[in-house]
Amino acid sequence: MRYLGIDPGTHRTGWAVIETNQGFHRLLAYGCFETQPNSALPHRLQLIYEHIRSVCQQYHPDHSTVEELFFATNAKTAMAVSAARGVVLLALEQSGLPIRSLTPLQVKQAITGFGKADKTQVQAMVKAILHLKDVPKPDDAADAVALALISANGGLGSVKMLS
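In structure tokens, the structure reads:
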């Protein structure tokens, strides 16, 4: 089985594919797709959509997990990132993938056992669990690896299925 994790954003969208075979997990591929901040939002959204569709066509994942957004202050940024998340969800739906959604708190809890863990703690655990030489970079890709890993581990107790 292959699990695709996606950390959506308008500037950077991280993605990762984990392959599971007989209980063993292997990080198959990961990356971070960047758009130009000075480009128009509709163009950036189109590029994000096309990139996610390309990842799906290249790696043939069986499941997908997308990070939910959490913003406390900047409404304009939240709306743009929500639009990016929307095109990611559309690309996954059109690829025929089941889509799960995780909050940042759920990611931290599932990976470290502590919902208030910081980014470096999550990254250290991902590195250890997958026996990686280095933490995946940039942070957006590392977050996507964590999302895919949680899905591959079946750690979806309170995670909601998007319909």
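Okay, so the sequence shown: first residue is 956 according to this note's numbering, each after it adds one. Each residue gets a CB set at the ideal place from its N, CA and C atoms; glycine is no exception. Bear in mind the structure is a predicted one, so any value in this text is a computation, not a measurement.
Helix, strand or coil for Glu1005 per DSSP? Residue 1005 sits at position 50 when you count from the first residue of the sequence shown. Residue state, collapsed to three classes: helix.
Evaluate the contact criterion for the segment 1070-1090 versus the segment 1031-1044: three or more CB pairs, one atom per stretch, below 8 Å. no
Under 6 Å Cβ to Cβ from Phe1025, same chain only, skipping five residues before and after it: list those, please. Numbered from its first residue, the sequence shown carries residue 1025 at position 70. For Phe1025, where only same-chain residues beyond five positions count, the Cβ hits under 6 Å are Pro1059.
Using the three-state DSSP reduction, which class does His1086 fall into: helix, strand or coil? Taking the sequence shown and counting its residues from 1, one reaches residue 1086 at position 131. Here His1086 sits in coil by DSSP.
Whole-angstrom distance between Pro1016 and Gln1061, CA atom to CA atom: Along the sequence shown, read from residue 1 onward, the residue named residue 1061 stands at position 106. Along the sequence shown, read from residue 1 onward, the residue named residue 1016 stands at position 61. The alpha-carbon atoms of Gln1061 and Pro1016 are separated by roughly 22 Å.
If you measure between the beta carbons of Val1021 and Ser1050, is that distance less than 8 Å? For the purposes of this step, residue 1021 is taken as residue 66 along the sequence shown, with counting starting at 1. For the purposes of this step, residue 1050 is taken as residue 95 along the sequence shown, with counting starting at 1. Taking 8 Å as the Cβ cut-off, Val1021 and Ser1050 do not qualify as a contacting pair.
Going by DSSP, which residues form a beta bridge with Asn976? Position 21 of the sequence shown, counted from the first residue, corresponds to residue 976. Per DSSP, Phe979.
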